[in-house]
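Visitor:
Protein chains in written order, with my numbering: chain C, 998 to 1127; chain D, 358 to 391.
1) Residue 1104 of chain C and residue 1001 of chain C - do their beta-carbons sit closer together than 9 Å?
2) Any Cβ of chain D within less than 9 Å of the Cβ of residue 1114 of chain C?
3) Below 8 Å, can you find three or more Cβ-Cβ pairs linking the stretch 1004–1019 of chain C to the stretch 1066–1082 of chain C?
4) Which first and last residues belong to the alpha helix (DSSP H) in which residue 1009 of chain C is found?
5) Under a three-way DSSP split, which group does residue 1092 of chain C fall into?
6) Please list the segments of the beta strand (DSSP E) lying wholly inside the stretch 1065–1123 of chain C, counting only runs of 3 or more residues, in order along the chain.
7) On the three-state DSSP scale, how would you describe residue 1027 of chain C?
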């Protein structure tokens, strides 16, 4: 289930106010686990398989309801292995299982990859009142 | 006694999409992040 993580709220508050302690979320990772919660700071089982490791995303600001109200992360992985990908997250650190996780989501259905396949993921987080 | 407000179930949110392509660029699979 898609969730915004506790660490995400914390970091966003710091980034918006300029109070020290916020780091931008420009990395994305994929994995083979499920079931993370708002308290999680990592994926359940982050992938370290060939071509499927955490990496910098192409980050943009998009419009869903109000102009520029949506953060977007875009990444294409080229798999060097067979893998079944089930989870995705946005992070503020380049290192596997490190840093804070802004948001977490599961793939539906899971993505079945063999070597040579590409997996393109576009993740979005819309800012809303209420 | 006033009726209790109906409890809303959390809405399942779709927060993204994905595409799997083979080495020739053909689409093998699509799905969503939720």
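Built from N, CA and C at the ideal position, the CB exists for glycine as well. Just so we're clear, the structure is a prediction, and the values are computed from it rather than from any experiment.
Guide: In this structure, then:
1) As a position in the first chain, residue 1001 of chain C is number 4, starting the count at 1. As a position in the first chain, residue 1104 of chain C is number 107, starting the count at 1. Contact flag unset, no.
2) Residue mapping note: residue 1114 of chain C aligns to position 117 of the first chain, counting from 1. Judged by the 9 Å Cβ criterion, residue 1114 of chain C is in contact with chain D.
3) no
4) As a first step, residue 1009 of chain C must be located in the first chain, where it is residue number 12. First-last of the alpha helix (DSSP H) with residue 1009 of chain C: 1003–1014.
5) In the first chain, counting from the first residue as 1, residue 1092 of chain C sits at position 95. It is coil, neither helix nor strand.
6) 1067–1075, 1080–1088, 1098–1110, 1115–1123
7) Here residue 1027 of chain C refers to the residue found at position 30 of the first chain. Of the three classes helix, strand and coil, the one that applies to residue 1027 of chain C here is strand, per DSSP.
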